[in-house]
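Engineer: Residue numbers are given in the UniProt record's numbering: position 336 of the sequence shown equals residue 336, and the series is strictly consecutive. Mind having a look at this structure? Questions to follow.
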Amino acid sequence: MNKLFSLPFVNVNTDPLPDAGFKLAPEDFQVIELMGIEPSGEGEHLWLEVKKSEKNTQDVARDLARHFNVEKHAVAYSGLKDKNAVTQQWFSVHLPGKSEPSLPVFKQVDFLSRTRHTKKLKTGVHEGNRFIITLRNVSDIDALVKNLELVKQQGFPNYFGHQRFGFHRGNLEKAQDWLTTGKRPRQRFLEGMYLSALRSYIFNITLSERIQSQCWNHLTEGEIGQFDWSKSGFVVEDVEDARCASGEVHPAINLFDDRAKLPESISELESESWFGQFKKKRFSPEQRALRVIPRNMNWHVLEGRDIEITFDLPRGSYATSCLKEVCNLVEPNRED
Numbered sequence: 001m002n003k004l005f006s007l008p009f010v011n012v013n014t015d016p017l018p019d020a021g022f023k024l025a026p027e028d029f030q031v032i033e034l035m036g037i038e039p040s041g042e043g044e045h046l047w048l049e050v051k052k053s054e055k056n057t058q059d060v061a062r063d064l065a066r067h068f069n070v071e072k073h074a075v076a077y078s079g080l081k082d083k084n085a086v087t088q089q090w091f092s093v094h095l096p097g098k099s100e101p102s103l104p105v106f107k108q109v110d111f112l113s114r115t116r117h118t119k120k121l122k123t124g125v126h127e128g129n130r131f132i133i134t135l136r137n138v139s140d141i142d143a144l145v146k147n148l149e150l151v152k153q154q155g156f157p158n159y160f161g162h163q164r165f166g167f168h169r170g171n172l173e174k175a176q177d178w179l180t181t182g183k184r185p186r187q188r189f190l191e192g193m194y195l196s197a198l199r200s201y202i203f204n205i206t207l208s209e210r211i212q213s214q215c216w217n218h219l220t221e222g223e224i225g226q227f228d229w230s231k232s233g234f235v236v237e238d239v240e241d242a243r244c245a246s247g248e249v250h251p252a253i254n255l256f257d258d259r260a261k262l263p264e265s266i267s268e269l270e271s272e273s274w275f276g277q278f279k280k281k282r283f284s285p286e287q288r289a290l291r292v293i294p295r296n297m298n299w300h301v302l303e304g305r306d307i308e309i310t311f312d313l314p315r316g317s318y319a320t321s322c323l324k325e326v327c328n329l330v331e332p333n334r335e336d
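Here's what the structure looks like:
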């Protein structure tokens, strides 16, 4: 791994963490999309609620386009879901002027419901996700439960998960190669992926520094407060705002753009010639909360040393970042 991108994302919990088997089977990691939208029941767009196993979102979208004989852009979804999991989410298919079609039969895909709506699904419109996660062979159940209690009460750092950065954080190195050589990726969407990875890394390092200086979970005058489960925020004037203590408001920062200052621990990036090309890219203004407090968090110990954990997170937050505070995830076939 390139040393520029090898800094750790530190934990709030500094106690030794128990080990736990993670994603040992697809059903150990279940995700249910929380839409917060009620389709009208009529319109040109067929909305399908899908439950799938060991298939990613784009696989199902391609299969739907092929079955309904439409272009890929006629199939839409709100969020990407893991492949090595059992996931439930909505898709829309634009079928103007067509009567109710028969549904396809796909392996490892079940259609839970269907309806119509006047609009297609747009990326990022769902409110959040419900996670049902089973951890196996936990080395110390009591320690894990204690850590869960802390997270339920105080929340966890809102790190971007390892998925954002690729294997061994390879998306960061690919971004560097592209910006150094000027040779664009073959597929256009990869440009956005690589730029997003760099922006996310800068956020994670900033949050990591805040944790080390113990200022990650309270408001700072002149900075940003963000409402819970919302992208709406405000400039902080009252650092003692009771809404922060209650979890209604969280401290937040702007994601990196050409005006931002790098965190001290990665300031050397400024001297890299390719980083100037990165700063010239246009980024949409975006804020991200530094803290997440899970909703509806519960757990129960299963037979042996297994435990099932359920919680809801707003879209854009990662279950793995939550679990990172309670245990060391031992995932087969994953080395980073």
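Note that CB positions come from ideal geometry on N, CA and C, so glycine has one too.
Whether or not the stretch 293-306 and the stretch 126-143 are in contact is what I'm after, with contact meaning three or more pairs of Cβ atoms, one per stretch, closer than 8 Å; do they touch?
Structural biologist: yes
Engineer: Bridge partners for asparagine 129 per DSSP, in chain order?
Structural biologist: Position 129 of the sequence shown, counted from the start, is the residue given in the question as residue 129. Paired residue(s): Glu33, Leu313.
Engineer: Tell me whether the stretch 1-9 and the stretch 117-130 touch, counting them as touching only if at least three CB pairs, one residue from each stretch, are closer than 8 Å.
Structural biologist: no
Engineer: Whole angstroms is fine: what's the gap from proline 8's alpha carbon to phenylalanine 311's?
Structural biologist: Locating residue 8 in the sequence shown gives position 8, where the first residue counts as 1. Locating residue 311 in the sequence shown gives position 311, where the first residue counts as 1. So the alpha carbons of these two residues sit roughly 26 Å apart.
Engineer: Assuming leucine 262 contacts isoleucine 202 under a Cβ cut-off of 8 Å, what Cβ separation, rounded to an integer in Å, is found between them?
Structural biologist: As a working mapping, residue 262 is identified with position 262 in the sequence shown. As a working mapping, residue 202 is identified with position 202 in the sequence shown. Confirmed, Cβ separation roughly 7 Å.
Engineer: Would you please state the rounded distance, in angstroms, between the beta carbons of glutamate 33 and glutamine 108? I believe it to be under 8 Å.
Structural biologist: The count along the sequence shown starts at 1 and reaches residue 33 at position 33. The count along the sequence shown starts at 1 and reaches residue 108 at position 108. Not quite, the Cβ-Cβ distance comes to about 17 Å (not below 8 Å), so this is no contact.
Engineer: Taking only three categories from DSSP, how would you classify isoleucine 205?
Structural biologist: By one-based count along the sequence shown, residue 205 stands at place 205. Isoleucine 205: helix per DSSP, three-state reduction.
Engineer: If I follow the unbroken beta strand (DSSP E) through aspartate 19, where does it start and stop?
Structural biologist: Against the sequence shown, residue 19 aligns to sequence position 19. First-last of the beta strand (DSSP E) with aspartate 19: 19-21.
Engineer: Leaving out five residues on either side along the sequence, give the residues of the same chain with a beta carbon under 6 Å from the beta carbon of leucine 144.
Structural biologist: Residue mapping note: residue 144 aligns to position 144 of the sequence shown, counting from 1. Closer than 6 Å at the Cβ level, and outside the excluded window around leucine 144, lie Pro18, Val138, Val326, Cys327.
Engineer: Please name the residue, chosen from Arg169, Arg164, Pro185, that lies closest to serine 196 on a Cα-to-Cα basis.
Structural biologist: In the sequence shown, residue 196 corresponds to position 196, counting from 1. Closest by alpha carbon: Arg164.
Engineer: Please report the straight-line C-alpha distance between glutamine 58 and lysine 81, rounded to a whole angstrom.
Structural biologist: Mapped onto the sequence shown, residue 58 falls at position 58. Mapped onto the sequence shown, residue 81 falls at position 81. For glutamine 58 and lysine 81, the gap between their C-alpha atoms comes out near 9 Å.
Engineer: Under a Cβ-count criterion, where at least 16 other Cβ atoms within 10 Å of its own Cβ denotes burial, should valine 235 be classed as buried or exposed?
Structural biologist: Mapped onto the sequence shown, residue 235 falls at position 235. Valine 235 comes out exposed.
Engineer: Less than 7 Å between C-beta atoms, sequence neighbours within five positions excluded: which residues of the same chain meet that for isoleucine 205?
Structural biologist: Here the question's residue 205 lines up with position 205 in the sequence shown. Cβ within range, chain order: Leu7, Pro263, Ser265, Ile266.
Engineer: Does serine 78 come out as helix, strand or coil in the three-state DSSP assignment?
Structural biologist: Taking the sequence shown and counting its residues from 1, one reaches residue 78 at position 78. Three-state result, serine 78: coil.
Engineer: Run through the stretch 199-284 for me and flag every whole beta strand (DSSP E) of 3 or more residues, listed as ranges in chain order.
Structural biologist: 224-227, 233-235, 249-254
Engineer: When the Cα of glycine 79 is compared with those of Arg315, Ala319, Leu329, which residue comes out closest?
Structural biologist: As a working mapping, residue 79 is identified with position 79 in the sequence shown. Checked all of Arg315, Ala319, Leu329; the closest Cα to glycine 79 is Arg315.
Engineer: Can you tell me whether aspartate 140 is helix, strand or coil according to DSSP?
Structural biologist: Residue mapping note: residue 140 aligns to position 140 of the sequence shown, counting from 1. Three-state DSSP puts aspartate 140 in coil, outside helix and strand.
Engineer: If we ignore side chains and look at the alpha-carbon of each, how far apart do proline 285 and valine 151 end up?
Structural biologist: Here residue 285 is taken as the residue at index 285 of the sequence shown, counted from 1. Here residue 151 is taken as the residue at index 151 of the sequence shown, counted from 1. Cα to Cα, the separation comes out at about 29 Å.
Engineer: Quick check: arginine 291 and glycine 155, are their CB atoms within less than 8 Å of each other?
Structural biologist: Numbered from 1 along the sequence shown, position 291 holds the residue referred to as residue 291. Numbered from 1 along the sequence shown, position 155 holds the residue referred to as residue 155. Yes. Within cutoff.
Engineer: What is the C-beta distance between leucine 172 and leucine 207, in whole angstroms, given that I count them as a contact (C-beta under 8 Å)?
Structural biologist: Residue 172 sits at position 172 when you count from the first residue of the sequence shown. Residue 207 sits at position 207 when you count from the first residue of the sequence shown. Contact between leucine 172 and leucine 207 fails: their C-beta atoms lie close to 16 Å from each other, not under 8 Å.
Engineer: Would you list the one or two residues that DSSP bridges to leucine 48?
Structural biologist: Mapped onto the sequence shown, residue 48 falls at position 48. Answer is Phe91, Arg114, bridged to leucine 48.
Engineer: Helix or strand or just coil, what does DSSP make of leucine 329?
Structural biologist: Counting from one through the sequence shown, the residue named residue 329 turns up at place 329. If DSSP states are grouped into helix, strand and coil, leucine 329 belongs with the strands.
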